[in-house]
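Here's the structure we're looking at; comments come further down.
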Amino acid sequence: MRAEPLGPVRAELGEGPVWAPEEGRLHWLDVLGQARHVTDPETGETQTHPLPRLTSCLARRQGGGWVAAGGQALHAVEEGQDGPRLAALPEGTYGRFNDGKCDAAGRLWIGTANAEGRFDCHLYRIPPGGAPERVVDGIAMSNGLGWSPDGRVMYYADSTAQALYAFDFEVGTGALTNQRRLFETTGDEVPDGLSVDAEGHVWLALWGGGRLVRLTPAGEVAAEVHFPTPRVSSCAFGGAGLETLFVTTAKEGASEEERAADPMMGALFRLDPGIAGLPVAMFGG
96 MRAEPLGPVR AELGEGPVWA PEEGRLHWLD VLGQARHVTD PETGETQTHP LPRLTSCLAR
156 RQGGGWVAAG GQALHAVEEG QDGPRLAALP EGTYGRFNDG KCDAAGRLWI GTANAEGRFD
216 CHLYRIPPGG APERVVDGIA MSNGLGWSPD GRVMYYADST AQALYAFDFE VGTGALTNQR
276 RLFETTGDEV PDGLSVDAEG HVWLALWGGG RLVRLTPAGE VAAEVHFPTP RVSSCAFGGA
336 GLETLFVTTA KEGASEEERA ADPMMGALFR LDPGIAGLPV AMFGG
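All the letters of the sequence shown, read from the start, carry residue numbers 96 to 380 under the working numbering.
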């Protein structure tokens, strides 16, 4: 598998790719650049929309439009404009929202993160019309989320713990049980965003390692893709038949010398993995 850069944009912190099938476009974020990019998968042509705040997560909404999470709040996004606040963490809560994704029941699962390495953050679920509910404690840098094709297993990455976890998942109640470590990294390589394919394998971005690994449901490495830049941050399936994998990268933390020597740093990439992805659920309401 060969990853190719797509378009001219170089993000400071590329993250949160989401395929919009009704548009035939990929939406993705530059978190630190406070921008939402919308990219044509064939030409790489990209429209850039400024955001009013640091935004770490986007999700399509069943009733139309999008939701966006940033800081400690979840907002509606309607016709590209910032809308009303839908939910927020209680005042005084430690950490900020990071990566998130919706389950089949329309709940948004999103965790908090901090830059201090403290394991004082949490994974939350936000039901449509409800307040954030704390589900998993002892998190430092909450990141990628995804579900098995049958919806009975949830995958979840904590970057600072250098671990990808699996949980048994009950879609009716949103309950998590039987937490186990599925995959671990070492050194400067940490798990980041992820996506699950139609065969139930997990595609996990490894920040600092310049690679994407495809993991079996048992956590074994079945394949890997190498990139010409080290900070691989997230991935999402899209395109016709969900047969293209889009991968974001970043510049964050790189020196001026590293940036000058790496023209691919912060680029959006695409590759053809030979297997389709799964449709991504939308936020309810």
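Backbone N, C-alpha and C fix where the C-beta goes; we use that ideal spot for every residue, glycine too.
Note that the coordinates shown come from a computational prediction; the quantities given were computed from them, not determined experimentally.
Only counting the same chain, and skipping five residues up and downstream in sequence, which positions put a Cβ closer than 7 Å to that of residue i?
i, result
"ALA256", "ALA235"
"GLY165", "ARG148, LEU149, THR150, SER151, PHE192"
"VAL126", "LEU108, GLU110, LEU149, THR150, SER151"
How many whole angstroms separate the CB atoms of residue i and residue j, which I take to be in contact at a CB cut-off of 8 Å?
i, j, result
"ALA171", "LEU146", "That pair is no contact at about 14 Å."
"VAL342", "ALA300", "7 Å"
"ALA195", "ILE205", "At residue 195 the sequence reads Gly, which differs from the Ala that was named. At roughly 3 Å, the Cβ-Cβ gap stays under 8 Å, so GLY195 and ILE205 are in contact."
What's the gap between the Cα of residue i and the Cα of residue j?
i, j, result
"HIS132", "GLY333", "15 Å"
"PRO223", "THR280", "35 Å"
"LEU340", "ARG365", "6 Å"
"VAL162", "ILE221", "12 Å"
"GLU118", "THR143", "15 Å"
"GLU228", "ALA356", "44 Å"
"LEU184", "ASN238", "18 Å"
"GLN157", "GLY336", "20 Å"
Determine the DSSP secondary structure at residue i, reduced to helix, strand or coil.
i, result
"ALA293", "coil"
"GLY178", "strand"
"ARG354", "helix"
"ALA130", "strand"
Looking at residue i and the ligand MN, is the gap between the Cβ and the nearest heavy atom below 7 Å?
i, result
"TRP298", "Looking at this structure, you won't find the ligand MN or any other ligand, since it has none at all."
Within its chain, find whatever has a CB closer than 8 Å to the CB of residue i; leave out the 5 residues flanking it on each side and keep chain order.
i, result
"VAL291", "GLY241, TRP242, SER243, PRO244, TYR250, VAL297, TRP298, GLY372, LEU373"
"LEU101", "THR134, PRO136, GLY139, PHE341, ALA362, LEU363, PHE364, ARG365"
Determine whether the beta carbon atoms of residue i and residue j lie at a separation below 8 Å.
i, j, result
"VAL285", "GLY305", "no"
"THR134", "TRP123", "yes"
"VAL327", "THR311", "no"
"ARG276", "ALA258", "yes"
"LEU153", "VAL113", "yes"
Is the CB of residue i under 8 Å away from at least one CB in chain C?
i, result
"ALA376", "Of the chains in the structure shown, none is chain C; there is only one protein chain."
Please return the same chain residues whose Cβ sits closer than 6 Å to the Cβ of residue i, not counting the five positions on each side in sequence.
i, result
"PHE262", "MET249, LEU271, GLN274"
"ALA98", "VAL320, PHE322, PHE364, LEU366"
"GLY246", "ALA199, VAL266"
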